[in-house]
Amino acid sequence: MWNKVQETVKYLRENGFSTPDYGIILGSGLGKLVDIITVEKSIDYKEIPNFPVSTVEGHSGKLIFGTIGTKKVICLQGRFHYYEGWTMQETIFPVRVMKILGTKNLIVSNASGGVNANFKVGDIMLITDHINMMPEHPLHGKNDTRFGPRFVDMHDAYDKSMIAKMEEIAAESNVKVHKGVYMSLQGPTFETPAEYGMVRVLGADCVGMSTVPEVIVAKHMDMTCFGVSVITDLGVEGIVESVSHEEVQKAAKSAEKILSKLVAKFVTEY
Ligand code: HPA
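So, in structure tokens, the structure goes:
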């Protein structure tokens, strides 16, 4: 992994990617951020040595380098979900690359099913913590100390001061945001009503199929992380409605413009 990451980083540096301030994984809800970025470089994943190529509908595959205000950003447009069949190592590869390029901060977004009765479809939730229920751990196996330590502290996985800053920006912009716990399950099935109930009982506010592996690996490398989730469907007792990928995408799109603005402001000001 170390040598592959070095090779990819070398390629990116030769292609104009200098040290970014922020790494951003443009999951559901952050698609419009690309319209705000002043793009300097955009490279298809298939051109980048060692990069996996994503296949899921609605997730194209480009690595973007550019600026938002005075900040330099590197963005993954299209992430690698474990449910697509990628190994955990493939799923988290771009995060390793971001860090070795010199990126200190990671921003991730996702779509999730809300199990908190106060949530509505289209709401935005700042992730304060996660519960990892993925069947495989991205740090399983021999540890490479060049990336980070064997045992990783996850107490402050989602940076409190970043959350506070985003709350401030949301309030100034008159956008209501929730805070809560994100649980990752492998998917690709959405949850049964009983499973949504389990997610709630276990202490989460929403459930999705991504983010946690990337944040674990970012913490392994001592990155500062901020995560945000768009609630695209509900699995709340009494309101168990069916859900489809199209509905999830539609709900995520509805929050895209506002969330992208909030994140752009955050990156500029933080
Ligand atoms: N469950 C899991 N993943 C999701 C959901 C959900 O309800 N909504 C969007 N991604």
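Each residue of the sequence shown is one higher than the one before, starting from 408 at the first, in my numbering.
We put the beta carbon where it would ideally sit given N, CA and C, even for glycine.
Identify the continuous beta strand (DSSP E) that holds residue i and give its terminal residues.
i, result
"D640", "T631 to V643"
"S580", "No beta strand (DSSP E) holds S580; DSSP gives it neither H nor E."
"D534", "It should be noted that the sequence gives Ile, not Asp, for residue 534. Note, I534: beta strand (DSSP E), I531 to N539."
"T474", "K469 to I475"
"G604", "That residue, G604, is in no beta strand (DSSP E); its alpha helix (DSSP H) goes P600 to V608."
"D480", "With the sequence shown as reference, residue 480 is identified as Val, and Asp is not the correct amino acid for it. Taken as a continuous stretch (DSSP letters only), the beta strand (DSSP E) holding V480 covers K478 to Q484."
"L433", "Y429 to L433"
"V614", "C613 to G615"
Would you say the beta carbon of residue i is closer than 6 Å to some non-hydrogen atom of the ligand HPA?
i, result
"S519", "yes"
"V614", "yes"
"E648", "no"
"F526", "no"
"F597", "yes"
"D530", "no"
"T639", "yes"
"V412", "no"
"V655", "yes"
Of all the options the options, which has the alpha carbon lying nearest to the alpha carbon of residue i?
i, options, result
"L546", "D536, D560 and I534", "D560"
"K567", "G594, G587 and R607", "G587"
"P595", "I531, Y418, L419 and M541", "M541"
"Q593", "Y490, G436 and T639", "Y490"
"S519", "E653, F633 and L641", "L641"
"E663", "V637, P556, C613 and V606", "V637"
"T445", "V670, Y418, G430 and I471", "I471"
"P620", "T498, D551 and D563", "T498"
"W409", "H652, V502 and P600", "V502"
"M630", "D428, V582 and G548", "D428"
"Y589", "G521, V416 and T552", "G521"
"V643", "D451, E598 and C632", "E598"
"K512", "H585, K479, T552 and I665", "The identity of residue 512 in the sequence shown is Asn, whereas the question assumes Lys. Selected option, being the one with the closest Cα: K479."
"H652", "I570, T639, D530 and A564", "T639"
"F500", "V416, T477, M605 and T675", "V416"
"Y452", "S425, I432 and L483", "L483"
"M573", "G492, I534 and E602", "I534"
"E692", "S425, V441 and G473", "An answer regarding residue 692 cannot be provided, because it is not within the stretch 408 to 677 covered by the chain."
"M495", "I665, E543, H562 and G468", "E543"
"H585", "T552, V624, V528 and K549", "V528"
"C632", "K469, A578, H562 and S667", "H562"
"F558", "I432, L666, S667 and V624", "V624"
"I646", "N422, N523, S449 and L440", "N523"
Grab the span of the alpha helix (DSSP H) containing residue i for me, first residue to last.
i, result
"N512", "Looking at the DSSP string, N512 is not in any alpha helix (DSSP H); the run it does join, the beta strand (DSSP E), is N512 to G521."
"D551", "Looking at the DSSP string, D551 is not in any alpha helix (DSSP H), and its letter there is neither H nor E."
"T445", "T445 -> not in any alpha helix (DSSP H); beta strand (DSSP E) instead, spanning T445 to D451."
"V655", "H652 to E676"
"A625", "V619 to H627"
"K411", "W409 to E421"
"E497", "M495 to I507"
Quick one: is residue i near chain D, going by C-beta distance under 7 Å?
i, result
"T426", "The structure shown contains no chain D; it holds only a single protein chain."
Roughly how far, in whole angstroms, is the beta-carbon of residue i from the beta-carbon of residue j, given that I think they are within contact range, below 8 Å?
i, j, result
"V608", "S516", "Going by Cβ atoms, the distance from V608 to S516 rounds to 26 Å, so no, they are not a contact pair."
"K657", "A564", "About 30 Å separates the two Cβ atoms, so there is no contact after all."
"S591", "N539", "6 Å"
"L669", "V582", "6 Å"
Going by beta-carbon coordinates alone, are residue i and residue j separated by less than 7 Å?
i, j, result
"C613", "M505", "no"
"A671", "I443", "yes"
"S617", "H488", "yes"
"P456", "Y418", "yes"
"M628", "G555", "yes"
"R486", "G434", "yes"
"F673", "I570", "no"
"G430", "I481", "yes"
"I475", "T675", "yes"
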